[in-house]
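Participant:
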Amino acid sequence: MMNLAEKKCIPCSIGTPPMDASEVMEYMKELSKDWMVVDIHHIERTFKFKNFKEALEFTNKVGALAEEEGHHPDIHLSWGRVKLIIYTHKIDGLSEADFVLAAKVEKLL
């Protein structure tokens, strides 16, 4: 598999089936062990920071990346923590773009 962080998030069409469990598990091998698959529907990870300012700065970096890629995670910001939930809303499940975005997020750290 190509390095996911080097790929571009390519939007999928309505009607494209979400990844099945075996595809999801293959792509998970490319990410840090800190990511979790939830119900084969989305991936999520909580990032911890020293304070609110660092968490906010990371959130802003993720936001800029999401705009660049045209693929937007759900972002939950709290004191010293940022939780990302990533899935393809259009198909209500996981696609390659979700794993590409997650790999790119890892490079922000």
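The numbering of the sequence shown is our numbering, which starts it at 555 and goes up by one.
Even for Gly, the Cβ is constructed at its ideal location relative to N, Cα and C.
Can Asp652 and Thr642 be called in contact, C-beta distance under 8 Å?
Facilitator: Along the sequence shown, one-based indexing puts residue 652 at 98. Along the sequence shown, one-based indexing puts residue 642 at 88. Against a cut-off of 8 Å, the Cβ pair of Thr642 and Asp652 comes out as a contact.
Participant: Between Lys602, His625, Val636 and Met573, which lies nearest to Val733 when the distance is taken from Cα to Cα?
Facilitator: A query on residue 733 cannot be resolved here, the shown segment of the chain reaching from 555 to 663 and no further.
Participant: Can you grab the Cα-Cα spacing for the pair Pro571 / Ile564, in whole Å?
Facilitator: Stepping through the sequence shown from its first residue, residue 571 is reached at position 17. Stepping through the sequence shown from its first residue, residue 564 is reached at position 10. Distance between the alpha carbons of Pro571 and Ile564: 15 Å.
Participant: Suppose contacts are defined by Cβ-Cβ distances below 8 Å. Is Leu648 in contact with Val616 by that definition?
Facilitator: Here residue 648 refers to the residue found at position 94 of the sequence shown. Here residue 616 refers to the residue found at position 62 of the sequence shown. No, the pair does not count as a contact, with Cβ atoms beyond the cut-off.
Participant: Run the CB neighbour count on Leu663, radius 10 Å, all protein chains shown included, and call it buried at 16 or more, exposed below.
Facilitator: Counting from one through the sequence shown, the residue named residue 663 turns up at place 109. The residue is exposed, with fewer than 16 neighbouring Cβ atoms inside 10 Å.
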